[in-house]
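Per numbering that gives the first Met the number 0, the sequence shown starts with residue 0, numbered consecutively.
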Amino acid sequence: MDSPDPARQPQAHRAPSISRRTLLGALAVGAPALAGLLPACGEPPVNPRISVLLALNEILPGPHRFPFVLVDGESGAVSGARIQVRFVRLIGERDEFRFEAPAQEYIAGASYNHIHEDGKVHVHDLSRSYYLVSDAEFEEGLWRADLEVQPTDGSDYAASTAFQVGHRTTTPRIGDPAPASAHPTVHDVAALDLLSTSDPPLPALYQHSIGEALSRAEPFVVAFSTPGYCTSAMCGPVTAVVGSLAQRFGDRLRFIHLEPFDLNVARAEGRLVWADVAREWNLETEPWVFVIDTTGRVAARFEGLVGAAELEPAIAAVAGPPLR
Numbered sequence: 000m001d002s003p004d005p006a007r008q009p010q011a012h013r014a015p016s017i018s019r020r021t022l023l024g025a026l027a028v029g030a031p032a033l034a035g036l037l038p039a040c041g042e043p044p045v046n047p048r049i050s051v052l053l054a055l056n057e058i059l060p061g062p063h064r065f066p067f068v069l070v071d072g073e074s075g076a077v078s079g080a081r082i083q084v085r086f087v088r089l090i091g092e093r094d095e096f097r098f099e100a101p102a103q104e105y106i107a108g109a110s111y112n113h114i115h116e117d118g119k120v121h122v123h124d125l126s127r128s129y130y131l132v133s134d135a136e137f138e139e140g141l142w143r144a145d146l147e148v149q150p151t152d153g154s155d156y157a158a159s160t161a162f163q164v165g166h167r168t169t170t171p172r173i174g175d176p177a178p179a180s181a182h183p184t185v186h187d188v189a190a191l192d193l194l195s196t197s198d199p200p201l202p203a204l205y206q207h208s209i210g211e212a213l214s215r216a217e218p219f220v221v222a223f224s225t226p227g228y229c230t231s232a233m234c235g236p237v238t239a240v241v242g243s244l245a246q247r248f249g250d251r252l253r254f255i256h257l258e259p260f261d262l263n264v265a266r267a268e269g270r271l272v273w274a275d276v277a278r279e280w281n282l283e284t285e286p287w288v289f290v291i292d293t294t295g296r297v298a299a300r301f302e303g304l305v306g307a308a309e310l311e312p313a314i315a316a317v318a319g320p321p322l323r
């Protein structure tokens, strides 16, 4: 992307030059280390309690989603805020403004009723809000996102986080063929909890294997997530999203949920070891959701938090709108 004309750049929200060494140091210790890097003069004050946490691990050059959550060290997740994000690329000792965009709030997850053996009904709320800049576009290198936040209490404050954009990815890219993985389904086990840590598992997500769907040239969605052993705190909401969409689109395409870790090892030894199918897909993080088209290739890929509002258009693109 070409550098914008300086005369046409927005004049508000200017951040001072921050050296590559400073940003790399902040990346090494996490987003909170950036709290004091933004200026106070003429800008909203920095809220030292706020951390900007990216809701994914890898960002590739070109068009890319930019999901994140705001966490208040005293009150937890921040929701309902209006957020403007200014993206700056760090080149040497210079800050180069690239683009600015609003972040929209989305919900990942769903609520459902769980009937226990004693007949009692408990509502399970597996939902989590996140913010998303959906029309971002990046070049390879070191970046900073400067946020101007207007929370529901009427106060304004600034926050910031640094991130790397790199070409490296181990997971299948858009257009790559999906690995024809073989794995157990509900037809191969005595109980669904042998396949899933969801509480309770949705049977529709364990009816088919990836290899079967590919052999039939059918579109499908595959989610790698582990509600019971999640290291990212995102798997429960993402699994719930996939389950809710399976109930809406299940007559148009297959939905498959897979635990990325070997459940036998996790339950017997307390260790998280990648399952064979996760290794076939070269996963290094969780959760992941892939949408596969009728040619067996990746049509869309989502890492980290993703809600139905993002997933549904990608699913409809390969399978058409839901019939119900």
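Don't be surprised by glycine CBs; every beta carbon is placed ideally from N, CA and C.
On a predicted model such as this, the values are computed, not experimentally measured, just so you know.
Same chain only: Cβ atoms within 6 Å of residue i, ignoring 5 sequence neighbours per side
| i | result |
| --- | --- |
| Ser-243 | Ala-109 |
| Arg-48 | Asp-71, Gly-72, Glu-73 |
| Gln-103 | Leu-131 |
Simplified DSSP assignment, three categories, for residue i
| i | result |
| --- | --- |
| Arg-278 | helix |
| Tyr-324 | Shown here, the chain extends from 0 to 323; a query on residue 324 therefore has no answer. |
| Pro-38 | Note that Pro-38 has pLDDT 44, beneath the 50 cutoff, so the model's placement of it is unreliable and no number is given. |
| Ile-209 | helix |
| Glu-311 | helix |
| Pro-231 | The sequence shown places Ser at residue 231, rather than the Pro named in the question. Ser-231 falls in the coil class under three-state DSSP. |
| Glu-268 | helix |
| Leu-262 | helix |
| His-186 | helix |
Proximity of residue i and residue j at Cβ, strictly below 9 Å
| i | j | result |
| --- | --- | --- |
| Arg-253 | Ala-212 | yes |
| Glu-139 | His-63 | no |
| Gly-303 | Asn-56 | yes |
| Val-337 | Val-290 | Since the first residue shown for the chain is 0 and the last is 323, residue 337 is missing from the structure and cannot be characterised. |
| Ile-255 | Val-297 | no |
| Pro-218 | Arg-247 | no |
| Gln-206 | Val-185 | yes |
| Ala-161 | Leu-141 | yes |
| Val-148 | Ala-80 | yes |
| Leu-52 | Phe-67 | yes |
| Phe-86 | Ala-144 | yes |
| Gly-165 | Asp-198 | no |
Close Cβ partners of residue i (< 8 Å) along its chain, the five nearest in sequence each way excluded
| i | result |
| --- | --- |
| Val-230 | A small correction: the amino acid at residue 230 is Thr; Val does not occupy that position in the sequence shown. Same-chain partners within the cutoff: Leu-271, Glu-285. |
| Thr-225 | Thr-196, Cys-234, Glu-258, Pro-259, Phe-260, Glu-285, Pro-286 |
| Asp-134 | Pro-62, Ala-100 |
| Val-188 | Leu-194 |
| Thr-169 | Asn-281, Leu-282, Glu-283 |
| Gln-83 | His-12, Glu-99, Ala-100, Pro-101, Ala-102, Leu-146, Glu-147 |
Identity of the residue in the options nearest residue i by Cα
| i | options | result |
| --- | --- | --- |
| Ala-107 | Ala-179, Glu-99, Leu-282, Ala-54 | Ala-54 |
| Leu-131 | Tyr-156, Leu-69, Arg-88, Leu-89 | Leu-69 |
| Ile-173 | Arg-266, Thr-294, Pro-320 | Thr-294 |
Neighbourhood of residue i by C-beta, 7 Å cutoff - its chain only, sequence neighbours within 5 removed
| i | result |
| --- | --- |
| Val-288 | Val-220, Ala-222, Val-237, Val-241, Phe-301, Val-305, Leu-310 |
| Arg-167 | none |
| request: Take every Cβ of the stretch 149-169, pair it with every Cβ of the stretch 93-108, and state whether three or more of those distances are shorter than 8 Å. | output: no
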